[in-house]
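Trainee: Adding 1270 to a residue's 1-based position in the sequence shown gives its number in our numbering.
Dumping the structure here so I can ask a few things about it.
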Amino acid sequence: MKARVPRYHQIAQALRDRIRSGDIEPGARLDNQRRLAGEFEVTLMTLRQALEVLEREGLITRRHGLGTFVALPPVDYDILNFRAFAGEDVSTRFLRTHVGPADRLAVRELALKPGARVFALERLRLVDGRPTSFQISHLPAALGEEVAKVDLAVTPLRQVLAFKLGIEITGARETVSAETLPARAARELGCATGAPCFRSDRVSIDGDGRPIVYDRVFIPGDRFRITRQLHYDRSATA
């Protein structure tokens, strides 16, 4: 005797088919839960069980206060190159700048004295118009004073450093870790505070090896994957 498939699995499969066939496009918002429950003639509890299945599979994502959306494909993050996102239409939205005491990590990464002040530049990276990463760039306060004289809403930071100040970034060290989104980053990214995310801590150096910029970047976990191009020495033996 064939086992009966639970109703919520049937609903999950029906929605899965719509998503994979393109009937519901990536990034589109699903009908509200009451409407979906009415369409499938089930209770809200059964409908929510189906949505939980799709969320675990990464096919949908829920945004607090906004609704449930079909998940977009994750973006390639090329950790070995300065370009943050590979093969996508990337734009930057300037948010704000401010000056304040350097936190512990900024002090360490920029080789500052305890209590030193830093200039912080906050930006939002968008991929195909979708907020994908929240970035805070820290610079020593004296350097930040010069950077602040330029319209950072239209001029990329690296261009300001290179063409206005004569500072060429020649290398960087980056560490990526798994964390949860802090409130400020979550608000700008349209996510719930505490949602899983990847955090990148990157220190950019000039030709003399001096740390110039310390970047702290938050990327929601469902919008990110790391890509590495590996090359192997065929002459090497096991």
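Beta carbons: idealized from backbone N, C-alpha and C, even for Gly.
Would you report the Cα separation of G1460 and V1446, rounded to the nearest angstrom?
Mentor: Along the sequence shown, read from residue 1 onward, the residue named residue 1460 stands at position 190. Along the sequence shown, read from residue 1 onward, the residue named residue 1446 stands at position 176. Cα to Cα, G1460 sits roughly 21 Å from V1446.
Trainee: Since P1481 and A1412 are thought to touch, with beta carbons under 8 Å apart, how far apart are those beta carbons, to the nearest angstrom?
Mentor: On the sequence shown, position 211 is the one that residue 1481 refers to. On the sequence shown, position 142 is the one that residue 1412 refers to. Contact doesn't hold; Cβ gap of about 14 Å is too wide.
Trainee: Taking the continuous beta strand (DSSP E) assigned at G1335, which residues delimit it?
Mentor: The count along the sequence shown starts at 1 and reaches residue 1335 at position 65. Premise fails: G1335 is in no beta strand (DSSP E) and is neither H nor E.
Trainee: Could you check whether V1340 and I1281 sit closer than 9 Å to each other, using their CB atoms as the reference points?
Mentor: Residue numbering aside, residue 1281 sits at position 11 when the sequence shown is read from its first letter. Residue numbering aside, residue 1340 sits at position 70 when the sequence shown is read from its first letter. No; because the gap between Cβ atoms is not below 9 Å, this pair is not in contact.
Trainee: Measuring straight from C-alpha to C-alpha, what distance separates E1325 and D1293?
Mentor: Locating residue 1325 in the sequence shown gives position 55, where the first residue counts as 1. Locating residue 1293 in the sequence shown gives position 23, where the first residue counts as 1. Answer to the nearest angstrom: the Cα atoms are 18 Å apart.
Trainee: Quick one: complete beta strand (DSSP E) runs, 3+ long, within the stretch 1445-1484?
Mentor: Taking only runs of at least 3 residues, the beta strand (DSSP E) segments lying wholly in the stretch 1445-1484 are 1466-1476.
Trainee: Among K1434, Q1405, R1472 and T1338, which one has its Cα closest to the Cα of E1416?
Mentor: The residue you call residue 1416 lines up with position 146 of the sequence shown. Closest by alpha carbon: K1434.
Trainee: In the structure shown, what three-state DSSP assignment does G1357 receive?
Mentor: Taking the sequence shown and counting its residues from 1, one reaches residue 1357 at position 87. Confidence at G1357 is low in this model, with a pLDDT of 48, below 50, so its placement is unreliable and the value that follows should be read with caution. The answer is coil: DSSP assigns G1357 none of H, G, I, E or B.
Trainee: Taking only three categories from DSSP, how would you classify G1292?
Mentor: Here residue 1292 refers to the residue found at position 22 of the sequence shown. Reduced to three states, the DSSP call for G1292 is coil.
Trainee: Buried or exposed: where does F1352 fall if 16 or more other Cβ atoms within 10 Å of its Cβ makes it buried?
Mentor: In the sequence shown, counting from the first residue as 1, residue 1352 sits at position 82. Low confidence applies here, because F1352 scores a pLDDT of 40, under 50, leaving its location unreliable and the question unanswered by this model.
Trainee: Do D1514 and Q1429 have their C-beta atoms closer together than 9 Å?
Mentor: Absent from the structure is residue 1514, since the part of the chain shown begins at 1271 and ends at 1508.
Trainee: Between the C-alpha atoms of V1397 and R1274, what's the straight-line distance to the nearest angstrom?
Mentor: Walking along the sequence shown from the start, residue 1397 turns up at place 127. Walking along the sequence shown from the start, residue 1274 turns up at place 4. Each residue's Cα considered, the two are about 43 Å apart.
Trainee: Whose CA, out of R1400, L1391 and Q1303, lies closest to the CA of V1420?
Mentor: Locating residue 1420 in the sequence shown gives position 150, counting from the first residue. Considering only alpha carbons, the answer is L1391.
Trainee: Excluding the five sequence neighbours on either side, which residues of its own chain have a C-beta within less than 7 Å of the C-beta of L1321, listed in chain order?
Mentor: Locating residue 1321 in the sequence shown gives position 51, counting from the first residue. Only I1330 and T1338 meet the Cβ criterion.
Trainee: Return the CA-CA distance between S1291 and L1342, expressed in angstroms with no decimal places.
Mentor: Numbered from its first residue, the sequence shown carries residue 1291 at position 21. Numbered from its first residue, the sequence shown carries residue 1342 at position 72. Between S1291 and L1342, the C-alpha separation is close to 14 Å.
Trainee: Over the uninterrupted beta strand (DSSP E) stretch that includes E1392, give me the two end residues.
Mentor: Here residue 1392 corresponds to residue number 122 of the sequence shown, with the count starting at 1. Unbroken beta strand (DSSP E) run through E1392: R1387 to V1397.
Trainee: How many Å lie between E1309 and A1418 at the Cα?
Mentor: Working through the sequence shown from its first residue, we reach residue 1309 at position 39. Working through the sequence shown from its first residue, we reach residue 1418 at position 148. Approximately 55 Å, taken between the alpha carbons.
Trainee: Give me, in chain order, the residues of the same chain whose beta-carbon lies closer than 8 Å to that of V1377; leave out the 5 immediate sequence neighbours on both sides.
Mentor: Walking along the sequence shown from the start, residue 1377 turns up at place 107. The answer, listed in chain order, is K1383, P1384 and A1386.
Trainee: Please classify T1316: does DSSP put it in a helix, a strand, or coil?
Mentor: Counting from 1 along the sequence shown, the entry for residue 1316 is found at position 46. Three-state DSSP puts T1316 in a helix.
Trainee: Taking S1361 as the reference, give the member of R1457, S1407, L1451 and T1425 with the closest Cα.
Mentor: As a first step, residue 1361 must be located in the sequence shown, where it is residue number 91. Residue T1425 is the option with its Cα nearest to S1361.
Trainee: Taking 8 Å as the limit between beta carbons, can you name the residues of its chain near D1301, skipping five residues before and five after?
Mentor: Numbered from its first residue, the sequence shown carries residue 1301 at position 31. These residues qualify, in order along the chain: E1309.
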